[in-house]
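Here's the structure we're looking at; comments come further down.
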Amino acid sequence: MPRSLAALAACLLALPAFAQKPVSFINDVAPILKENCFACHDAKKRAGKYDMTTFEKMMAGGSDGEPVLAGKVADSELHRLMVTKDERRMPPRDKGDAVPEAKAAVVAEWIKQGAKLDGGIDPKADLLKELRVRWTPPAPPAAFDKPVVVNSLAFTPDAKSVVVGGHYELTVWDAAKGTLQKRINTRAERAMAMAFLPDGKLAVAGSRPGQEGDVRVYDLAAKAKKTEGGVEYLDGVTDTTVMVKHLHDADDSVLCLALSPDGKKLAAGGCDRAIRVWDISAGVKDAKLEQTIENHADWVLGVAFTADGKFLLSGSRDKTAKVWDLKAKESVMTFPDHQNIVYGVGVKADGSLGYSVGADKQVRTWKPGGDGKQAKNAGGHADEVFKIAFSPKDPLFATSSADKTVKVWDADKLNATKTLTGLTDFVYATAFSADGTRVAAGSFAGEVGVWNAKDKSDKPLVLFNATPGLKK
Ligand code: HEC
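Each residue of the sequence shown is one higher than the one before, counting from 426 in the working numbering.
Okay, here's the thing in structure tokens:
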């Protein structure tokens with residue numbers, strides 16, 4: 426038999442085996458719908474009055490009626506609209522690529538087999554949530570062969586160590602020597618922001634881009650499951666003495682986090698455009714969601730509380746910085762001058778001045794209770810400015826930029842006092858130590874530097890790559 430015929434015969438033989446394999450709605454079909462359809466057919470957008478995010482609603486259809494007829498593939502609009510040659514296709518031709526053939530075939534096979542929901546799932550259950558709970562995070566490798574991006578970092582309260590957001594883990598490094606001390610694996614792929622709470626636990630804003638986001642709280646002092654080569658390994662996924670509080674889940678990344686200066690409130694914002702504020706005055710285990718603020722038209726990238734706890738400042742991909750009155754629950758100011766993405770916000774300790782940084786490369790200031798007019802353009806960086814971090818002790822703040830530097834600023838005089846060097850790539854993260862003496866920053870290439878915040882030197886005290894096991 427010619428080789429091509431043999432291959433064909435093998436294919437034909439393989440077909441019935443495929444046909445008999447039961448197709449699971451939740452494991453096989455729902456991920457396809459999520460990837461290709463949910464962007465328009467969720468509870469918010471409901472294109473064609475059609476919400477597909479629960480099994481019941483997906484089967485009920487929109488204004489045209491039931492899109493799935495069990496056993497009848499040709500009569501099922503849900504499948505027909507995926508594979509049709511007609512102008513009206515789903516996703517609409519001008520809005521996205523067709524569902525890959527092999528995936529549409531899975532949907533067809535599921536309809537043919539009776540279009541059933543797997544046992545044990547409520548037809549009214551949120552499918553995004555059902556998909557989330559079925560997913561388990563990968564364990565980080567013992568050693569990485571590529572540098573891991575640093576999206577966020579923080580000094581431990583005693584300033585002796587730096588916690589770095591890695592790839593499905595948090596890593597803890599000696600802040601003086603740059604040696605690895607601990608690895609805490611996490612459900613989140615990336616830690617986008619972190620804040621130490623008054624009780625010494627670490628709140629982290631997590632992200633698995635386009636898939637899920639979270640706010641979880643970790644006890645880095647918890648017992649390690651093992652120690653190897655002087656490094657402690659903690660299980661932040663399943664060990665509840667390590668991952669002490671699961672505060673929030675979202676359908677996409679949580680991108681920013683802020684603790685109020687009195688330690689009583691925690692705020693987080695992200696891709697769902699909302700900012701949630703929790704009252705944690707009774708401890709984070711008894712956190713209460715106080716309010717959900719929907720004041721931005723796009724991703725929320727930065728948040729900060731005024732010292733008196735009355736106002737919340739925020740910056741967004743919608744190109745504005747805004748101020749929210751937490752008591753009156755209303756928006757009191759919009760600052761439009763960046764005219765580009767606002768990545769971060771900060772506020773002077775006495776609340777008299779707000780600061781914002783963004784893709785326009787500038788550090789701008791404005792009055793939180795004012796009319797939205799700029800107070801002063803403090804100057805900026807040679808490229809986009811990603812983060813702004815305030816010293817908890819002095820009128821100083823640091824900004825980090827795509828220009829590969831960190832600048833330290835006098836918050837009163839609004840001038841840069843020094844430009845920190847040593848990093849070789851985009852600087853996504855920067856933070857002050859609680860005593861105000863140190864600044865740390867982390868880059869796209871995995872580098873982390875620690876500098877003296879107050880002397881004249883622009884050279885790092887220590888510089889290391891925060892990627893476990895990376896060969897030099
Ligand atoms: C970019 C947005 C977008 C995406 C993605 C999208 N749709 Fe739609 N869909 C629409 C719009 C808009 C309508 C209403 C206009 C129409 O019916 O053509 C619609 C209507 C429908 C309807 C008819 C609903 C009714 O009862 O009127 C079905 C069925 C449907 N879509 C299925 C799908 C499926 C299946 C997918 C994924 C493979 C998908 N859509 C992806 C925008 C989208």
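Glycine is no exception: its CB is placed at the ideal position from the N, C-alpha and C atoms. What you are looking at is a predicted structure, and each value in this text was computed from that prediction instead of being measured.
Check: Expressed to the nearest angstrom, what Euclidean distance is found between the alpha-carbon atoms of residue 796 and residue 758?
Finding: Counting from 1 along the sequence shown, the entry for residue 796 is found at position 371. Counting from 1 along the sequence shown, the entry for residue 758 is found at position 333. Their Cα atoms are separated by approximately 6 Å.
Next item on the list: Assign residue 596 to one of two classes, buried (16 or more other C-beta atoms within 10 Å of its C-beta) or exposed (fewer than that).
Entry: The residue given as residue 596 occupies position 171 in the sequence shown. Looking at its Cβ environment, which holds 16 or more other Cβ atoms inside 10 Å, residue 596 is buried.
Notebook entry, point to check: Would DSSP call residue 473 helix, strand or coil?
Noted result: Residue 473 sits at position 48 when you count from the first residue of the sequence shown. Here residue 473 sits in helix by DSSP.
Item checked: CA-to-CA distance, residue 694 to residue 720, given in whole angstroms -> Numbered from 1 along the sequence shown, position 295 holds the residue referred to as residue 720. Numbered from 1 along the sequence shown, position 269 holds the residue referred to as residue 694. Those two C-alpha atoms are separated by around 11 Å.
Next item on the list: Please state whether DSSP places residue 763 in a helix, a strand or coil.
Entry: Here residue 763 refers to the residue found at position 338 when the sequence shown is read from its first residue. DSSP places residue 763 in coil when its eight states are reduced to three.
Notebook entry, point to check: Is the beta carbon of residue 872 within less than 6 Å of some heavy atom of ligand 1?
Noted result: Numbered from 1 along the sequence shown, position 447 holds the residue referred to as residue 872. Outside the cutoff, so no.
Notebook entry, point to check: By the 10 Å Cβ neighbour count, where 16 or more other Cβ atoms means buried, how is residue 676 classified, buried or exposed?
Noted result: Within the sequence shown, the letter at position 251 stands for residue 676. Result: buried.
Next item on the list: Please name the residue or residues paired with residue 671 in a DSSP beta bridge.
Entry: Walking along the sequence shown from the start, residue 671 turns up at place 246. Bridge partners of residue 671: 641.
Margin query: Which same chain residues end up closer than 6 Å to residue 811 when comparing Cβ atoms and leaving out the 5 residues on each side of it in sequence?
Written below: Stepping through the sequence shown from its first residue, residue 811 is reached at position 386. Around residue 811: 768, 825 and 853.
Next item on the list: May I ask you to check if the CB of residue 492 is nearer than 6 Å to at least one heavy atom of ligand 1?
Entry: On the sequence shown, position 67 is the one that residue 492 refers to. Residue 492 Cβ: within cutoff of ligand 1.
Item checked: Buried or exposed (CB count within 10 angstroms, at least 16 for buried), residue 645 -> Sequence index remark: in the sequence shown, residue 645 carries index 220 (1-based). Residue 645 comes out buried.
Note to self: Assess contact between the region 480-494 and the region 561-576, defined as three or more Cβ pairs (one per stretch) separated by less than 8 Å. Is contact present?
What the structure shows: no
Next item on the list: Quick one: measure Cβ to Cβ for residue 632 and residue 680, integer angstroms, because I've assumed they're closer than 8 Å.
Entry: Working through the sequence shown from its first residue, we reach residue 632 at position 207. Working through the sequence shown from its first residue, we reach residue 680 at position 255. Sure, about 7 Å apart at Cβ, within 8 Å.
Check: How is the beta strand (DSSP E) around residue 814 delimited, first residue to last?
Finding: Along the sequence shown, read from residue 1 onward, the residue named residue 814 stands at position 389. Element bounds for residue 814: 810-815.
Notebook entry, point to check: Which residue or residues does DSSP assign as beta-bridge partners of residue 609?
Noted result: For this step, residue 609 is matched to residue 184 along the sequence shown. BP columns for residue 609 point to 595 and 659.
Checklist line | Nearest neighbour of residue 741, chosen from 722, 730 and 732 [CA to CA] | finding: Within the sequence shown, the letter at position 316 stands for residue 741. If we check each option's Cα against that of residue 741, 722 comes out closest.
Next item on the list: Give me the Cβ distance between residue 371 and residue 859, rounded to the nearest whole Å; I'm assuming they're in contact under 8 Å.
Entry: In the structure displayed, the chain extends from 426 to 897; residue 371 sits before or after that span and is not available.
Notebook entry, point to check: Does any residue of chain D bring its CB to less than 7 Å from the CB of residue 663?
Noted result: Judged by its chain identifiers, the structure shown contains no chain D, having just a single protein chain.
Notebook entry, point to check: Among all residues, which have a Cβ less than 6 Å from at least one non-hydrogen atom of ligand 1, and in what chain order do they fall?
Noted result: 461, 462, 464, 465, 466, 472, 473, 475, 486, 487, 488, 489, 492, 502, 503, 506, 507, 513, 515, 516, 517, 520, 521 and 524
Next item on the list: Could you tell me if residue 655 is buried or exposed, where buried requires 16 or more neighbouring beta carbons within 10 angstroms of its beta carbon?
Entry: Counting from one through the sequence shown, the residue named residue 655 turns up at place 230. Classification for residue 655: exposed.
Checklist line | Rounded C-alpha distance that separates residue 477 from residue 863 | finding: Counting from 1 along the sequence shown, the entry for residue 477 is found at position 52. Counting from 1 along the sequence shown, the entry for residue 863 is found at position 438. Going from the Cα of residue 477 to the Cα of residue 863 covers about 50 Å.
Item checked: Helix, strand or coil at residue 701 [DSSP, three-state] -> The sequence position of residue 701 within the sequence shown is 276, counting from 1. Strand at residue 701.
Notebook entry, point to check: Where does residue 498 fall in DSSP's three states?
Noted result: The residue given as residue 498 occupies position 73 in the sequence shown. Residue 498 falls in the coil class under three-state DSSP.
Notebook entry, point to check: Along the chain, where does the beta strand (DSSP E) that runs through residue 484 open and close?
Noted result: Walking along the sequence shown from the start, residue 484 turns up at place 59. Run containing residue 484: none in the beta strand (DSSP E); it sits in the alpha helix (DSSP H), 480-485.
Notebook entry, point to check: Are residue 828 and residue 808 closer than 7 Å when you measure CB to CB?
Noted result: Sequence index remark: in the sequence shown, residue 828 carries index 403 (1-based). Sequence index remark: in the sequence shown, residue 808 carries index 383 (1-based). Against a cut-off of 7 Å, the Cβ pair of residue 808 and residue 828 comes out as a contact.
Margin query: Comparing C-alpha positions only, which one of 620, 574 and 572 sits nearest to residue 730?
Written below: In the sequence shown, the residue the question calls residue 730 occupies position 305. Residue 730 has its Cα closest to that of 620, out of 620, 574 and 572.
Check: Where does the unbroken beta strand (DSSP E) through residue 585 begin, and where does it stop?
Finding: Against the sequence shown, residue 585 aligns to sequence position 160. Run containing residue 585: none; DSSP gives neither H nor E here.
Next item on the list: Would you kindly work out how many angstroms separate the C-alpha atoms of residue 437 and residue 530, rounded to a whole number?
Entry: Start at 1 with the first residue of the sequence shown, and residue 437 comes out as number 12. Start at 1 with the first residue of the sequence shown, and residue 530 comes out as number 105. Because residue 437 carries a pLDDT of 46, less than 50, the predicted location of this residue cannot be relied on, and no value is offered for it.
Next item on the list: Under the assumption that residue 892 contacts residue 871 (Cβ atoms under 8 Å), give the Cβ distance between them as a whole number of angstroms.
Entry: On the sequence shown, residue 892 is found 467 positions in, with the first residue counted as 1. On the sequence shown, residue 871 is found 446 positions in, with the first residue counted as 1. That pair is a contact at about 4 Å.
Item checked: Alpha-carbon spacing of residue 917 relative to residue 481, whole angstroms -> Since the first residue of the chain shown is 426 and the last is 897, residue 917 is not available in this structure.
Next item on the list: In the DSSP assignment, find the unbroken alpha helix (DSSP H) run with residue 557 in it and report its ends.
Entry: In the sequence shown, the residue the question calls residue 557 occupies position 132. Here the alpha helix (DSSP H) through residue 557 covers 552-558.
Check: residue 824 bridges to which residues according to DSSP?
Finding: Translated into the one-based positions of the sequence shown, residue 824 becomes position 399. For residue 824, which the question treats as bridged, DSSP gives the partners 813 and 832.
Note to self: For residue 697 and residue 724, what's the separation of their Cα atoms in angstroms?
What the structure shows: Against the sequence shown, residue 697 aligns to sequence position 272. Against the sequence shown, residue 724 aligns to sequence position 299. Approximately 6 Å, taken between the alpha carbons.
Notebook entry, point to check: Alpha carbon to alpha carbon, how far is residue 848 from residue 788?
Noted result: Here the question's residue 848 lines up with position 423 in the sequence shown. Here the question's residue 788 lines up with position 363 in the sequence shown. Rounded to the nearest angstrom, the two C-alpha atoms are 21 Å apart.
Notebook entry, point to check: Looking only at its own chain, which residues have a Cβ that is under 7 Å from the Cβ of residue 869, when we skip the five neighbours before and after it?
Noted result: For the purposes of this step, residue 869 is identified with residue 444 of the sequence shown, where counting begins at 1. For residue 869, where only same-chain residues beyond five positions count, the Cβ hits under 7 Å are 574, 850, 851 and 853.
Note to self: My output table needs one value for residue 891: the three-state DSSP class, helix, strand or coil.
What the structure shows: Here the question's residue 891 lines up with position 466 in the sequence shown. Reduced to three states, the DSSP call for residue 891 is coil.
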